[in-house]
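Asks:
Residue numbers (our numbering): 270 to 750.
1. How big is the Cα-Cα spacing for residue 335 and residue 344?
2. As a quick exercise: from 665, 631 and 432, pick the residue whose alpha carbon is nearest that of residue 612.
3. How should residue 730 be labelled, buried or exposed, when 16 other C-beta atoms within 10 angstroms of its C-beta is the threshold for buried?
4. If we call anything under 8 angstroms between Cβ atoms a contact, is residue 700 one with residue 708?
5. So, for residue 749: in the same chain, excluding its five sequence neighbours on each side, which residues have a beta-carbon less than 6 angstroms away from its beta-carbon?
6. Could you tell me which of 681, 520 and 553 sits nearest to residue 532, measuring between CA atoms?
7. Closest to residue 580 by CA distance: which of 607, 597 and 558 is it?
8. Nearest-angstrom Cα distance between residue 508 and residue 690?
9. I'd like the span of the beta strand (DSSP E) that includes residue 529, first residue to last.
10. With DSSP as the reference, identify every bridge partner of residue 442, one or two as the case may be.
11. Nearest CA to the CA of residue 502: which residue from 614, 572, 472 and 657?
12. Given that a residue counts as buried once 16 or more other Cβ atoms are within 10 Å of its Cβ, and exposed if not, what is residue 566?
13. With which residues is residue 686 paired in a DSSP beta bridge?
14. May I ask you to report which of helix, strand or coil DSSP gives residue 613?
15. So, for residue 648: in the same chain, excluding its five sequence neighbours on each side, which residues have a beta-carbon less than 6 angstroms away from its beta-carbon?
16. Would residue 513 and residue 535 qualify as a contact pair, given that the criterion is a beta-carbon distance under 8 angstroms?
17. With burial defined as no fewer than 16 other Cβ atoms inside 10 Å of the residue's Cβ, what is the status of residue 698: buried or exposed?
18. Applying the criterion that 16 or more other CB atoms from any shown protein chain within 10 Å of the CB defines a buried residue, is residue 726 buried or exposed?
19. With H, G and I counted as helix, E and B as strand and the rest as coil, what does DSSP make of residue 700?
20. Does the stretch 361-381 come close enough to the stretch 422-432 to have 3 or more Cβ pairs within less than 8 angstroms?
21. Would you tell me roughly how many angstroms separate the C-alpha atoms of residue 449 and residue 519, rounded to the nearest one?
22. Which residue's Cα is closest to the Cα of residue 455: 706, 684, 491 and 609?
23. Looking at C-alpha atoms only, which residue of 626, 461, 695 and 675 is the closest neighbour of residue 788?
24. In angstroms with no decimal places, state the Cα-to-Cα distance between residue 481 and residue 459.
25. Exposed or buried, which one is residue 404 when buried takes at least 16 other CB atoms within 10 Å?
26. Going along the chain, which residues of its own chain have a beta-carbon closer than 6 angstroms to the beta-carbon of residue 703, five neighbours each way excluded?
27. With DSSP collapsed to three states, give me the class of residue 385.
28. Looking only at its own chain, which residues have a Cβ that is under 7 angstroms from the Cβ of residue 387, when we skip the five neighbours before and after it?
29. Could you check if residue 505 is buried or exposed, using at least 16 other CB atoms within 10 Å of its CB as the buried criterion?
30. So the beta strand (DSSP E) residue 731 belongs to, where does it begin and stop?
31. In terms of residues, what are the limits of the alpha helix (DSSP H) holding residue 593?
32. Would you say residue 684 and residue 658 are within 8 angstroms of each other, going by their C-beta atoms?
33. Alpha helix (DSSP H) containing residue 671: first to last residue?
34. Residue 589 to residue 719, Cα distance in whole Å?
35. Among the residues of its own chain, which have a CB less than 6 angstroms from the CB of residue 446, if the five just before and after it don't count?
36. Can you find the residues in the same chain that come closer than 7 angstroms, C-beta to C-beta, to residue 586, ignoring five residues on each side of it along the sequence?
Laid out in structure tokens, this is it:
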């Protein structure tokens, strides 16, 4: 879940999507950390407010706005508490000071149905509402435990009126969780004139009930502005790739992430997205793959996407040099490549990977349950051409008895991090051999991560090399850099 900041004296909450912890109203009763240690910007505000040579009011307002507009939601709350005495002459509850933060539509009263007297009339916004929406870039909808009936409280007519009258013209980013509950709202938000970033997430188990709703939502996405630059969709059920035909119009798209789609169809719609720099495709979702595999020849539709820097392919089985061809042409500049749960990947893929000379990160990630092909020394040697490679992951493509094959990669002079996972646990004798012999000649190697299903998490050093034991199971998200 994402972070939520709830204002005690306001109906309009801001939502920080960059934080992991959740802040609730109960947290407001706790005293904040000292400003000097928690946030330099807060400490600066307090110091200026206590200064005898305080700037005039206009200068002071400008200074505060510049500082506050760089604060997170939690930092702004702390500033309000810390400054309750020192800065009484300032209105730290002024909505203009939070316009850089996301606004929770499911918490803001002016998006809800009813007028406070039980009536459903959709009134025009007043000046206070105008202040809250002025220069607001990000809107968020997020069901939570305290607000499970969100969909009945956001009024589509109010949203439509606000859009029609220009009050939401500054909004460029939407984040919507549990989106199956908000189809009617998404249909209205599709009319936002300056939208360039959209993230949709839906994590419900009952696929049959949700599928029709999600397909309708993708139809709404297809009516959004063609100026969309960022699109991230994550579903726990699987929508057919034919629903992605709208991608043909999104020529300005720079980031595309799709999880929860049957990509045995639909990749051809991406061939015109020539502005893409980041592409993340998952055939199916975290839990299952569709019955039909992706035909790797469909990936040839991506041949013209020469601006790609980051590529993530997941669930693309039986890859060969054909499927990787779009990413290793002379005009390709891919810097980061992840091949995750791509079962039965051919050894000839390594020859293609060796031609991706701009690669700085290469992660071949399988689980113990995937069907994999073990890489031999001859195939691994192709990777030596990757002179810029700093991070390499090889999961379940080496047997325990084949770890010595890693010595053929000693020409990777820039390699700093090596992540490996093998079927059997590496004992202390095997680790000594690996660190003191096989990896001894790696000039820049500083970190070795060894992943297993059940091994203990621990870290120790072997000379200059930091060795970290960690766990990895199917579906886990791990740090590989």
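All C-beta atoms in this analysis are idealised placements derived from N, C-alpha and C, irrespective of residue type, glycine included.
Replies: Based on what the coordinates show:
1. 14 angstroms
2. 665
3. exposed
4. no
5. 632, 662 and 688
6. 553
7. 607
8. 32 angstroms
9. 524-531
10. 407 and 466
11. 472
12. exposed
13. 660 and 716
14. coil
15. 616 and 619
16. yes
17. exposed
18. exposed
19. helix
20. yes
21. 23 angstroms
22. 491
23. Since the first and last residues shown for the chain are 270 and 750, residue 788 lies out of range.
24. 18 angstroms
25. exposed
26. 672
27. Caution is warranted here: a pLDDT of 45 is assigned to residue 385, below 50, making its placement in the model unreliable, and no coordinate value can be reported.
28. Reliability of the predicted coordinates at residue 387 is poor, the pLDDT of 40 falling under 50, and the value obtained from them is presented with this limitation in mind. Excluding residues within five positions, none has a Cβ falling inside 7 angstroms.
29. buried
30. 727-731
31. 590-593
32. yes
33. Residue 671 -> no alpha helix (DSSP H), and no H or E assigned at all.
34. 27 angstroms
35. 411 and 470
36. 562, 611, 612 and 613
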